Every structure is written in structure tokens, then in C-alpha cells.
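The structure appears right after this line, and notes come after that.
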Amino acid sequence: MAVSLLPAVLVLLAIVAPLLYLVLLPAVKYTTSNGAARWEDDDGGDGRRRRRLPPSPRGLPLLGHLHLLGALPHRALRSLAAAHGPVLLLRLGRVPAVVVSSAAAAEEVMRSRDLQAVVGVTGCVTEDHIDRLPYLKAVLKETLRLHPPNPLLVPHVPLADTEILGYTVPTHTRVLINAWTIGRDPATWGEHAEKFIPERFLNNNVDYKGQDFGLVPFGAGRRGCPGMGFAVPTIEMALASLLYNFSWETRPVDRRCKSGTSSLDMSEMNGISVRLKYGLPLIAKSHFP
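The sequence shown begins at 1 in UniProt numbering and counts up by one.
Okay, structure coming up:
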């Protein structure tokens with residue numbers, strides 16, 4: 001009887017063995033013995049290109065690191081980060097996952113990787129990508145709110161006596177609109193009106209096209225800036241391309257930036273438009289070799 005079952009057992013083993021190999025392979029690939037960072041070939045094994053993977057605690061076959069998460073994964077991951085570092089490589093079943101647990105690492109992810117998710121790792125930013133970058137648009141709006149390039153806009157001159165909030169403005173009086181003050185008015189922007197918070201634009205439809213008078217860096221109506229439709233897309237494209245291709249650091253230079261900090265001198269000077277008095281010294285580091 002046992003002899004007659006032998007062929008069936010051999011056939012079963014021939015089927016199961018490759019399946020077990022496929023299941024257990026990720027456990028071997030993503031598990032280390034001591035939780036230290038390691039290098040792995042990324043070129044088929046000839047050693048010419050290597051990548052440094054994040055540290056990873058020891059896992060189990062099939063489960064990977066699921067057994068380490070428990071009922072409160074966020075607390076368990078905090079303990080793992082304390083033991084192995086702020087960037088961890090885990091395997092959730094057969095799914096590899098990188099867990100980030102520090103502000104510096106989160107900045108690396110959120111500052112540039114969102115662009116890479118839309119554009120691709122080796123792509124090129126085009127106008128088609130811009131509409132899928134809402135945070136970039138929010139940053140531009142917040143910058144123009146706090147720092148309109150022409151704070152007093154273009155003067156208006158009424159051709160007849162006009163009333164503004166019950167006050168009479170005589171004919172040919174020059175009317176200046178202080179977009180800088182309007183953009184910082186707590187009555188419109190709340191108690192944190194002076195703070196740079198791009199997120200305020202993510203959940204509303206406030207725009208600078210002239211219909212929302214709390215945000216008028218380009219003016220409004222027939223006297224609005226005619227170049228807005230060209231300027232804004234150009235700035236968005238330039239900013240997205242610079243952020244996608246480079247990481248940026250402030251350069252400590254005397255009074256402009258204290259060594260080891262990003263405390264820039266934000267003093268302004270007037271001209272055709274308002275600009276920083278001492279410029280903005282930056283160091284660009286390419287994201288791509």
C-alpha cells in the first residue's frame with residue numbers, strides 16, 4: 001500500500017516544492033539576522049550596482065513581520081523604530097513595506113516623493129502633471145498671499161465721485177489697494193493669518209483670479225494683471241521642475257543664515273516688485289545621478 005502511494009507523494013512534492021520556494025523567498029530576501037542595514041545587488045548579482053536597504057528585524061516565513069505589529073501597530077512600530085532606527089524595511093506577509101518614523105525622514109518622503117509618484121522616478125515634469133499636484137498649488141497661493149510681488153497693486157483712479165464703505169472718494173483721487181495687508185487680515189484668514197500654512201488652501205476653492213477679494217496678488221476685474229494666465233503656469237512648472245530634480249538647503253552666509261539653522265534674513269526692499277534684500281542663498285543637490 002505504501003509503495004503504491006509513493007508515486008502520488010512524489011508528484012505532490014514536485015508541485016508543492018516550487019510553491020513553498022515562492023512563498024519563502026520573500027522571507028529570505030527581506031529578513032536580516034541582526035536588524036542592521038545591508039547592501040543588496042540591484043543588477044542581477046554581478047556586484048556593479050548595489051543599493052543600501054533599510055534595517056529590518058528578523059521575520060518569520062509566510063508571516064514576515066506581521067506578528068510584531070500586535071493590536072496597536074502604531075505603538076509597536078514606535079518600539080521597532082527605537083530599536084532599529086527611523087526607517088524600517090518590513091514584510092507584511094509577502095508585501096514589503098518601508099516605515100518612516102522621524103520628521104527628517106518624513107520630509108524626505110513628502111517634500112519630493114509626491115512629485116515622483118505623479119511624474120515617475122526618471123520622468124520629466126509637464127503641464128499635464130501640474131493639476132495632480134494640489135499641494136504645490138497651495139504653496140504658491142500661500143506665498144502670494146503673504147508676499148504679493150506688488151503689495152499695493154496698480155493704482156485706481158475714479159473718473160467720478162465714488163463711495164467706498166460710506167466714504168466719498170473724489171474724482172481723480174489715486175486709490176491704492178494694499179494686497180499685503182488684505183492677505184494678512186485675521187478677519188479673513190483667522191488667528192494664524194501671519195503664519196505660512198499652505199494647507200489652508202487644500203479644502204477650499206479660494207483663488208487669485210479676482211473673485212476672492214481676500215486674495216488679490218494680481219488685482220481683480222478689468223484692471224487685474226493681464227499676464228496672470230501666463231505667469232502662474234510658468235511659475236508652477238518652474239517650481240515643480242526644481243523640486244523634482246533637486247533637494248534644496250539654505251546656505252549659512254553671515255547675517256543671512258545662522259550656521260546650522262535655516263533662519264534667513266527676510267528683510268525686504270522695494271523696486272519694480274518687492275524682493276528679499278539679501279537674496280536667497282541655496283544649495284541644490286541633484287536627486288538623480
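No residue lacks a Cβ here, since even glycine has one placed at the ideal position from N, Cα and C. Bear in mind the structure is a predicted one, so any value in this text is a computation, not a measurement.
Start-to-end residues for the beta strand (DSSP E) that takes in residue i
| i | result |
| --- | --- |
| Pro96 | Val95 to Val100 |
| Val216 | No beta strand (DSSP E) holds Val216; DSSP gives it neither H nor E. |
| Arg145 | Arg145 -> not in any beta strand (DSSP E); alpha helix (DSSP H) instead, spanning Pro134 to Leu146. |
| Thr162 | Thr162 to Ile164 |
| Arg91 | Val87 to Leu92 |
Between the CA atoms of residue j and residue i - distance to the nearest angstrom
| i | j | result |
| --- | --- | --- |
| Leu146 | Arg184 | 7 Å |
| Leu68 | Pro96 | 14 Å |
| Leu62 | Arg78 | 23 Å |
| Leu92 | Pro54 | 15 Å |
| Glu249 | Pro86 | 21 Å |
| Glu127 | Met228 | 16 Å |
| Ile283 | Phe246 | 9 Å |
| Ile182 | Gly271 | 21 Å |
| Pro73 | Ala81 | 12 Å |
| Pro217 | Asn178 | 9 Å |
| His84 | His287 | 26 Å |
| Val28 | Asp212 | Summary for Val28: the model assigns pLDDT 46, below 50, so the residue's position carries little reliability; its value from the coordinates is reported in the next sentence. Each residue's alpha carbon lies about 58 Å from the other. |
| Leu66 | Val100 | 17 Å |
| Tyr21 | Leu88 | The predicted model places Tyr21 with a pLDDT of 49, which falls under 50 and marks its position as unreliable; any figure quoted below should be read in that light. Between Tyr21 and Leu88, the C-alpha separation is close to 25 Å. |
| Thr234 | Arg275 | 19 Å |
| Thr31 | Val98 | Annotation note: pLDDT 44 at Thr31 (below 50); position unreliable, coordinate value reported separately. Computed Cα separation, rounded: 13 Å. |
| residue 292 | Val232 | Because the chain is modelled from 1 through 289, residue 292 falls outside the range shown and cannot be assessed. |
| Leu133 | Met269 | 32 Å |
| Ala71 | Glu194 | 42 Å |
| Ser273 | Leu144 | 13 Å |
| Asp41 | Tyr135 | Low local confidence applies: a pLDDT of 47 at Asp41 is under 50, so the model's placement there is unreliable, and no value is given. |
| Lys285 | Asp161 | 57 Å |
| Val131 | Gly224 | Reading the sequence as shown, one finds Asp at residue 131 and not Val. Asp131 and Gly224: Cα-Cα distance of roughly 23 Å. |
Same chain only: Cβ atoms within 8 Å of residue i, ignoring 5 sequence neighbours per side
| i | result |
| --- | --- |
| Ser33 | Low local confidence applies: a pLDDT of 43 at Ser33 is under 50, so the model's placement there is unreliable, with the coordinate-based value given in what follows. Taken in chain order, the residues that qualify are Arg58. |
| Pro26 | Only weak support is given to the placement of Pro26: the predicted model assigns it a pLDDT of 48, under 50, and the value that follows is read from those uncertain coordinates. Cβ within range, chain order: Gly64, Arg91, Arg94 and Pro96. |
| Gly214 | Ile182, Gly183, Asp185, Thr188, Trp189 and Val206 |
| Arg174 | Pro155, His156 and Val157 |
| Glu163 | Val169 |
Span of the alpha helix (DSSP H), counted from its first residue to its last, around residue i
| i | result |
| --- | --- |
| Arg75 | Pro73 to His84 |
| Ile130 | Glu127 to Ile130 |
| Thr168 | Run containing Thr168: none in the alpha helix (DSSP H); it sits in the beta strand (DSSP E), Tyr167 to Val169. |
| Ala193 | From DSSP, Ala193 is part of no alpha helix (DSSP H); its letter is neither H nor E. |
| Thr181 | Ala179 to Ile182 |
| Pro186 | Pro186 to Trp189 |
Residues near residue i in its chain [Cβ-Cβ closer than 7 Å; skip 5 each side]
| i | result |
| --- | --- |
| Arg256 | For Arg256, the predicted structure reports a pLDDT of 49, less than 50, and the residue's modelled location is therefore unreliable. The matter cannot be settled from this model. |
| Val125 | Val119, Met237, Ala240, Ser241 and Tyr244 |
| Ile197 | Glu142 |
| Trp180 | Pro148 and Pro151 |
Neighbourhood of residue i by C-beta distance below 6 Å, restricted to the same chain and skipping five residues each side
| i | result |
| --- | --- |
| Ser267 | Lys277 |
| Gly260 | Note that Gly260 scores 47 on pLDDT, short of 50, meaning its location in the model is unreliable and no value can be drawn from it. |
| Ser102 | Pro86 |
| Leu159 | none |
Bridge partners - residue i, DSSP secondary structure assignment
| i | result |
| --- | --- |
| Met269 | Arg275 |
| Ala284 | Trp248 |
| Val175 | His156 |
| Leu68 | Answer is none; Leu68 lacks a bridge partner. |
| Leu60 | Gly64 |
The segment 170-178 / the segment 201-209 touching (three or more Cβ pairs under 8 Å) | no
How do the segment 133-152 and the segment 230-245 stand: do at least 3 beta-carbon pairs fall below 8 Å, yes or no?
-> yes
Below 8 Å, can you find three or more Cβ-Cβ pairs linking the segment 150-159 to the segment 185-196?
-> At 8 Å Cβ cutoff, the stretches do not touch.
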